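Residue numbers (the working numbering), protein chains in the order written: chain A, 2 to 107; chain B, 25 to 1028. From the three backbone atoms N, C-alpha and C, an ideal C-beta is built for every residue, glycine too. Remember, it's a predicted structure, so these values are computed and weren't measured experimentally. Worksheet: one structure, shown below.
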Amino acid sequence: MLQIYCPYCKQTREEEEFSYAGEAHIKRPSDPQAASDKEWGDYLFFRKNPRGIHHEMWQHSAGCRRYFNVIRNTVTYEVLESYPMGTSPSEQPAHAATISTAGELQ
Amino acid sequence: MQINRLASGGRVNHAKPLNFSFNGKRYQGLEGDTLASALLANGVNVVGRSFKYGRPRGIVGHGAEEPNAIVQLGSGAQTIPNLRATQVELYEGLEARSVSGWPSVDYDLMSVMGVFKRMLPPGFYYKTFMRPQKLWMTYEHFIRKAAGLGSAPVEADVDSYDRLNQHCDVLVVGAGPAGLVAAREAARSGARVIIADEQSEFGGSLLGASSHVDQQPAADWLAQIVQELNEFANVQRLPRSTVFGYYDHNFLAIVERRTDHLGISAESGTRQRLHRVRARQVVLATGAIERPLVFAHNDVPGVMLASSVATYVNRYAVLPGNKLLLFTSNDDAYQTAINWHKAGREVVAVVDSRMAPGGDLNQIMADLNIQLYCGHGVIEVVGKKRVKAAVIAPLSVDGSSIIGQTLRLDCDLVACSGGWSPVIHLSSHTGTRPQWSDQVVGFVPGESVQQERSAGAARGTYGLTRCLEEGAAAGAKAALAAGFGDGVVEFTAPGADEASQEPQQPLFLVPHSKPTSRAPSQFVDFQLDVTAAGIELAAREGYESVEHVKRYTALGFGTDQGKLGNINGLAILSKALGQTIAETGTTIFRPSYTPTTFGAIAGRDVQSLFDPERYTSMHRWHEQQGAHWEDVGQWKRPWYFPKPGESMHEAVNRECLAVRNSVGMLDASTLGKIDIQGSDAAEFLNRVYTNGYLKLAAGKCRYGLMLKEDGMVFDDGVTACLAENHYLMFTTTGGAAGVLSWLELWHQTEWPELNVFFTSATDHWATATITGPNARKVLEKVCDDIDLSADAFKFMDWRDGTVADVAARVFRISFTGELTFEVNVPAHHGRHVWEKLYEAGQEFDITPYGTETMHVLRAEKGFIIVGQDTDGSMTPQDLNMGWVVGKNKDFSFIGHRGLNREDCQREDRKQLVGLKTLDPKTVLPEGAQIVVDPSQPLPMAMQGHVTSSYYSAHLGHSIALAVVKGGHKRIGETIHCPLADGRSVPAEIVSSVFYDPQGDRQNV
């Protein structure tokens, strides 16, 4: 059970109030009709599924209904940062250091 | 007759006997007993049979670690399987039985297996029962029966359980000496503290100890600190509460047993409570569990943990035998021999594996003239259902071999101690890797990855004074980290009567005169019958990873999670692999620490409270009319309205004919409704629907399909333009929440520049659908401010007006293919308007109908139901609905590009068609598979499947919708549906529109 900070409500709330909404920062091709099958396929189907730092979207579905971005460590489940849609995380490179070697696949 | 009970002493109430039964026999125990202490008081030796060999087993421990005394409590709906007798508090009338042993624990047929145990090596089941594979289910049935696990209740649980969500600053797990002082230190700082302990009373190891603290008996010191904690308003005390899981972000789950100790009774209130605690800081003071020593026949009843023997003597006034032999590799266990001697029964000898033990306790024993064998070990125990004697032998300095003559000593109780294993389970739950410590001779918690710290024996700190110091420091530090106090300990550990001790000897397997592989069984894991020889065999067979060995041998796989056997097993494996225990590592403990009931986890979320039930404002009317219900998402919708004596089939036929011939009415309130406003609302709709919305004028409605980006249909519905920049979108009943989130997602992430707002309005409106050739005549009687004529109020128009004196929005949209008016009124007027419409319709025999008739009528028209006729892999073209897709829209609407993928253009995609069975009366089952030739060999080449199927009373034959590969070009072809019962039903592929293909009837 995670605790997630909603950057709009400015509160840390229980995971039960939120819905996961997939990987963040995936840009829709600006002219879909001009996109090649490969470009469109990448946009549509391919996701990173990293071991470690992951940028993802959550919706505060039982709260303000806003979508926002979260940086979460998929190994430790640590939530490192929440930030509004359309913005960048505050200090992106710093998070890389928190990828720990703990929690190998069990 | 409690033959092993002392006349006085302990923490039991000698004046309050309690009657109970075990395996059908009646016994008496005392208030304050556990089931285990009461059984020992009565001299019950055999409490279970072992998993694999059916060997008789007795009580070994006194707490969560107990591997053998696993019982089923009570019967019927309230029975609980797999409880440890050592943790079951005795109450009047308790009924328990062993979970293992057939026909009884005293005479077990499975013990025949023991005779053949050389034929049952580890991996036996894998090796033997793998072929032929399809027989595994048969094998498994017998293996499980033979294995003798408890049985789950088959009736619904009659007890109630509840749940408490809590926050605290400091959660202290374990109320032994370290936990108690930690809680007190944290409480002094003003922090909100929860202290939980699995036992009935606080005190942990002090409850079973004979020691002194602060020059007073431990019991008195204990009473005093518990009293102090009681006086803090900021401390919540939870006895009988097991912290069974430590989850992410310092979330811990505690199960509190509120009435189990009072006896099983439905009247006794909430039986168990689940505390879901979010703690700022956690102190793990979970103590340690004594390790048994591994020697031949160490599983015979009468072989127990030394600390458990002492606990039974001191806490329960029970002497579980007559002649004690103590076998130890450390000083600590001497206390057991001293307690036993002082209780007045014989200590045959103390056998110490160390060459020259010293220390204070050693001296005390010498003063008591207790016989001590140094540098010796118990290599084998004699006896079947009870220990008769122990065979001891001199050991080499490192304890690895026998160096002299064996000696047989008569005794009926062997207490053994191989040192202590810190209880690191909860710290393991957090994901940290336990670390091996040569000094502790055990695994200690790894570096903290959550806001927690361990204290006392849980991190390998032994000795009362040091545990108290460490506990106090941990409490103060945790409080400081949570923002309370200054972290300074206001506490000097009281002087405890601490004996000086010599280091213990690591001894994980006691040698036998025969090699391990030939020696009588030396058990490592009692519950699953894993022996030292089995582990060595696994190593010889090439298993190196501890996780693999665990799965191959079943070491630590029981309900006790190997609390006793794990370390000995790892050590034996390490030796066999020629590496250190640190190199071997350990398996990881996971929740639950001890088994937790489903009742506690489910709490109140059962039956009607499992999921909310949603009712429309006309619900009670439907109920009064005898509606049968269908669950649609969380909604209760009328399924059909049977008249007295009518079957479902008859009722649905009647309802269908009424709509086609006169008029029917449907409660359509459950349809999702989303109010959409803003200057870019039309543009937004244009992007999320396949067809165009820019030119939709006020007063008009349009049907649309919503696609996912891959081009697949995921919702459909009508959207009405209420006014400029104001729309009302109808969604499917089940899709409403998902569609709203979908719209919000696109608006917030992709097109935030669009000025548009969404509001769920589903519950705001009640909808009465009046449909059938007489619909207009019915509505006219209760509505006089809307011109209802066909010219003034066209199909796909909507009007504001007044219906039955209530302001209403009336939509001319149709899901039946008949002339239809959907009357929407504010929800609280729903029932009034519904009843007025029903009244007005009487002269036309207006017929209320439910979802089943709705389905038949729409299927006659070939109207799809998203989620029934589609499954997330259907494009508009597959559904023959290309007409809904706008060809000339400027913006590439969601799914547009997806539709252009090569795969979406294939000619042999599954396409929606109608099916007419050659026998008009046969109704195909939905889901039936479609093939060309039913006589082809298995597996047949599938052509598609039936998605909707009904009997159409109006058409006089059955109708079905189906998806068939390339179906649109196969109209007229005959296909076959082979059914599970062996029949194969032939059917003709036809148009999916069975009725009124031109749509004339809805346009009148």
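Discussion item. So, at 6 Å on beta carbons, what are the nonlocal neighbours of V372 (chain B) in its own chain, with the 5 sequence-adjacent residues on each side left out?
Written reply: K347, L349, L433, C435
Discussion item. According to DSSP, I5 (chain A) sits in a beta bridge with which residue or residues?
Written reply: A:R14
Worksheet item: Does any C-beta atom of chain B lie closer than 8 Å to the C-beta of L45 (chain A)?
Response: yes
Worksheet item: If we cut at 8 Å on Cβ distances, does L769 (chain B) have a partner in chain A?
Response: yes
Practice prompt. Could you check the C-alpha separation between E16 (chain A) and K660 (chain B) for me, to the nearest Å?
Written response: 29 Å
Item to complete: Below 8 Å on the Cβ atoms is my guess for S124 (chain B) versus G72 (chain B); work out the distance and round it to an integer in Å.
Response: 5 Å
Discussion item. Suppose the cutoff is 8 Å on Cβ atoms and the five residues either side in sequence are ignored; what does the same chain contact list for E179 (chain B) look like?
Written reply: G100, A101
Item to complete: May I ask you to report which of helix, strand or coil DSSP gives Y358 (chain B)?
Response: helix
Discussion item. Determine, for R67 (chain A), whether the minimum Cβ-Cβ distance to residues of chain B falls below 8 Å.
Written reply: yes
Fill in: Residue nearest to A520 (chain B) in terms of C-alpha spacing, selected from B:T826, B:Y486, B:P872, B:V534
B:Y486
Item to complete: Step through the CB atoms of chain B and report whether any lies within less than 8 Å of the CB of A97 (chain A).
Response: Confidence at A97 (chain A) is low in this model, with a pLDDT of 40, below 50, so the placement of that residue should be treated as unreliable; the coordinate-derived value is given next. No, A97 (chain A) lies away from the interface with chain B (no Cβ there is under 8 Å from its Cβ).
Worksheet item: If you run the structure through DSSP and keep just helix, strand and coil, what is H96 (chain A)?
Response: At H96 (chain A), the pLDDT of 41 sits below 50, so the modelled position is not reliable; the number obtained from the coordinates is stated separately. Helix at H96 (chain A).
Worksheet item: Counting Cβ pairs, one atom from each stretch, are 3 or more of them under 8 Å apart for the segment 969-988 of chain B and the segment 930-947 of chain B?
Response: yes
Worksheet item: Taking only beta-carbon atoms, is S472 (chain B) less than 8 Å away from chain A?
Response: no
Item to complete: Given a cut-off of 8 Å, decide if T755 (chain B) and I698 (chain B) are closer than it, judged by their beta-carbon atoms.
Response: yes
Item to complete: Report buried or exposed for A864 (chain B), applying the criterion of at least 16 other Cβ atoms within 10 angstroms of its Cβ.
Response: buried
Fill in: Delimiting residues of the alpha helix (DSSP H) encompassing R208 (chain B)
201-212
Fill in: Own chain residues within Cβ distance below 6 Å of M25 (chain B), not counting five before or after
none
Discussion item. I'd like the span of the beta strand (DSSP E) that includes M753 (chain B), first residue to last.
Written reply: 750-755
Item to complete: Please work out which residues of its chain come closer than 7 Å, Cβ to Cβ, to G897 (chain B), disregarding the five sequence neighbours upstream and downstream, and give them in chain order.
Response: It should be noted that the sequence gives Ser, not Gly, for residue 897 (chain B). For S897 (chain B), where only same-chain residues beyond five positions count, the Cβ hits under 7 Å are M736.
Item to complete: Using a Cβ-Cβ cut-off of less than 9 Å, give me the residues of the segment 742-769 of chain B that come near chain A, in sequence order.
Response: A761, L764, S765, E768, L769
Worksheet item: Looking at C-alpha atoms only, which residue of B:L231, B:G198, B:Q223 is the closest neighbour of V217 (chain B)?
Response: B:G198
Worksheet item: Should P33 (chain A) be flagged as near chain B, meaning a C-beta pair shorter than 8 Å?
Response: yes
Item to complete: Could you name the residues of chain A that Y271 (chain B) contacts, counting a contact when the two beta carbons are closer than 8 Å?
Response: M2
Worksheet item: By the criterion of Cβ-Cβ separation under 7 Å, what are the contact partners of Y78 (chain A) in chain B?
Response: D272
Worksheet item: For S441 (chain B), which beta-bridge partners are listed by DSSP?
Response: B:T352
Practice prompt. Mind checking which residues open and close the alpha helix (DSSP H) that includes I605 (chain B)?
Written response: 605-608
Worksheet item: Since T998 (chain B) is in the alpha helix (DSSP H), which residue starts that stretch and which ends it?
Response: Note, T998 (chain B): premise wrong, no alpha helix (DSSP H); beta strand (DSSP E) at 998-1002.
Worksheet item: Name the residues in the segment 731-742 of chain B whose C-beta lies less than 8 Å from a C-beta of chain A; which are they?
Response: E733, D734
Practice prompt. Compute the beta-carbon to beta-carbon distance between V318 (chain B) and F547 (chain B), rounded to the nearest angstrom, for a pair I have assumed lies under 8 Å.
Written response: 7 Å
Fill in: Where D734 (chain B) falls, given that 16 or more other Cβ within 10 Å makes a residue buried
buried
Discussion item. My assumption, with CB atoms under 8 Å, is that G442 (chain B) sits in contact with S461 (chain B). Please give the rounded CB distance.
Written reply: That pair is no contact at about 15 Å.
Discussion item. Checking 8 Å against the spacing of the C-beta atoms, do V802 (chain B) and L767 (chain B) come in under that value?
Written reply: no
Worksheet item: Among B:V988, B:G53, B:A831, B:Q305, which one has its Cα closest to the Cα of L504 (chain B)?
Response: B:Q305
Discussion item. Using a 10 Å radius around the Cβ and a threshold of 16 neighbouring Cβ atoms, would you call I1083 (chain B) buried or exposed?
Written reply: Only positions 25 to 1028 of chain B appear in this structure, which leaves residue 1083 (chain B) out of reach.
Fill in: W775 (chain B) in three-state terms, based on DSSP
coil
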